[in-house]
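Read through the structure below, which is laid out as structure tokens, and then see the notes.
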Amino acid sequence: MAKPNLTGAGVRLPWAREQLRIALEILDNPGGGLVFGYQAIGQVRAHLEETDAERWEPVIRLLHDAEQHAVRRDFGPAQEKIREALRQLEG
Numbered sequence: 212m213a214k215p216n217l218t219g220a221g222v223r224l225p226w227a228r229e230q231l232r233i234a235l236e237i238l239d240n241p242g243g244g245l246v247f248g249y250q251a252i253g254q255v256r257a258h259l260e261e262t263d264a265e266r267w268e269p270v271i272r273l274l275h276d277a278e279q280h281a282v283r284r285d286f287g288p289a290q291e292k293i294r295e296a297l298r299q300l301e302g
């Protein structure tokens with residue numbers, strides 16, 4: 212899935228949600244799941260920061276925490292943070 216245009220496009224929630232669903236699904240898979248999942252989380256976090264950091268601050272914080280857990284291979288808490296971020300993006 213292509214990265215959204217970040218210049219004046221506003222928040223692309225369908226794209227962000229899809230990226231997080233992918234990250235949730237592949238994060239703990241051997242053979243690159245951590246790399247691609249971590250990248251997807253970071254892209255969504257960066258997109259939210261660039262478009263409206265104040266509005267999305269709680270989600271940005273959750274995604275930052277998910278990244279920190281993922282890099283330590285602490286997948287359960289990372290996935291829980293992603294699930295909570297998804298709930299907030301859907302609500």
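For the sequence shown, the tail end lands on 302 under our numbering, and the numbers increase by one without skipping. Positions of the beta carbon are idealized from the N, C-alpha and C atoms, including for glycine.
> Where does Gly-242 sit, in a helix, a strand or coil, going by DSSP?
Replying inline: DSSP places Gly-242 in coil when its eight states are reduced to three.
> Skipping 5 residues on each side, what residues in its chain have a beta carbon closer than 7 Å to that of Phe-286?
Replying inline: Around Phe-286: Leu-238, Asp-239.
> To which residues of the same chain is Trp-267 closer than 8 Å at the C-beta, ignoring the five residues directly before and after it?
Replying inline: If we look at Trp-267 and ignore the five residues flanking it on each side, its Cβ neighbours are Val-222, Leu-259, Glu-260.
> If we call anything under 9 Å between Cβ atoms a contact, is Ala-296 one with Leu-245?
Replying inline: No, they are not a contact pair.
> I think Arg-256 touches Leu-274, with their Cβ atoms under 8 Å apart; what is that distance to the nearest whole Å?
Replying inline: Right, the Cβ-Cβ distance comes to about 4 Å (below 8 Å), so this counts as a contact.
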